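So the mapping is simple: the working numbering equals the position in the sequence shown, first residue as 1, plus 1266. Written out below as structure tokens is the structure these notes cover.
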Amino acid sequence: MKNKDIKILFVDIDWTILDHSDGKHVFDKKSIQALKKAQKNGVLVYLATARPYHSVKCTGLLDMFKPDGMVCSNGAVAFHNDVLIHNDSFDKEDVKRIIEVCNQHNICLQFCSEKDRWLSLNPDKYVKSYFDWFFETKPEVRLYNNESVNGIIIFASDEFKWIFESYFSKFHYFKFFEYGYDIRHHEINKIDGLNRVLQYLNIEPSNALAIGDDGGDIGMFKVCSYSAAMGTSNDEVKSFAKYIAKSVSKHGVKDALKHFKVI
């Protein structure tokens, strides 16, 4: 018997349906098929990721699977189907100040708008390391032209951490990679975007399931009544989840959907 309480599913991408282990960059096709089956069973399926929309598109995932919507850029952006329903953007003067400071130290930035992204400078070794690890396609290099920016990645080593403390203390920043800092003016989690989706669709958190693998997904686990952490998650992440699924290499999302009787 199917679980009729679950009406919507939020699923992370990296290390959840995209396996990066041992240098691999492989989508879990069995779990993607399971997500499609969940949709056929009447459950809305949303991708919920730290990646911006353009990055998700470049992975090829949207060619394999059409979600009902997406929460991108760590909750700064949300779409229902292709309709933008949430966009938490930086003040344009703040963007210009960040560019000014980082250009002084030859630090490359990635800017993210609703559906686009670009680099501020030609890629250096830090940028290359990031894009290789996250199975990313490098965007174009161009100047900022007063676009709406909802996410910025700063590619720098720890020696430049003082820049955050000296110039960017008003923002939230999170080191999520050896040379990658995510900077935003809201707390770096997916809660804002997820809540906006639930409000837009008039769905209660008691009817939502979240599946993810790392600290950025804890917020989703707190909001949704149903939650599953991947088997590769650390102990802290697992402590917030209602169920511990198998790893991505063992089709953990499919496992979670079966456990909660979504499929």
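C-beta atoms are modelled at their ideal positions from N, C-alpha and C, and glycine is treated no differently. These figures come from a predicted structure and were not determined experimentally.
Subject >> Unbroken stretches of the alpha helix (DSSP H), 4 residues or longer, contained in the stretch 1449-1504 >> reply: Runs of the alpha helix (DSSP H) inside the stretch 1449-1504: 1457-1467 and 1484-1489.
Subject >> In DSSP terms, what W1384 is bridged to >> reply: Here W1384 is bridged, per DSSP, to F1377.
**OP:** Helix, strand or coil for Y1445, going by three-state DSSP, please let me know.
**Re:** Y1445: coil per DSSP, three-state reduction.
Subject >> For N1353, the residue or residues it bridges with in DSSP >> reply: N1353 is bridged to V1343.
Subject >> Cβ neighbour criterion (16 or more within 10 Å) applied to W1428 >> reply: Counting the other Cβ atoms within 10 Å of the Cβ of W1428 gives fewer than 16, which makes it exposed.
Original post:
Just checking my contact of G1481 with G1497 at CB under 8 Å: how many whole Å lie between their CB atoms?
Top reply: With a contact defined as Cβ atoms closer than 8 Å, G1481 and G1497 miss out at about 16 Å.
Original post:
In this structure, does DSSP put V1519 in helix, strand or coil?
Top reply: Helix, per DSSP.
Subject >> Buried versus exposed, by CB contacts within 10 Å (16 or more), N1388 >> reply: It is exposed - the Cβ of N1388 has fewer than 16 other Cβ atoms within 10 Å.
**OP:** Would you kindly work out how many angstroms separate the C-alpha atoms of K1404 and H1291, rounded to a whole number?
**Re:** About 16 Å.
Original post:
Tell me which same chain residues have a C-beta within less than 7 Å of the C-beta of I1298, skipping the five on either side of it?
Top reply: Closer than 7 Å at Cβ, skipping near neighbours: I1283, M1330 and F1331.
Original post:
Expressed to the nearest angstrom, what Euclidean distance is found between the alpha-carbon atoms of C1378 and S1339?
Top reply: Computed Cα separation, rounded: 8 Å.
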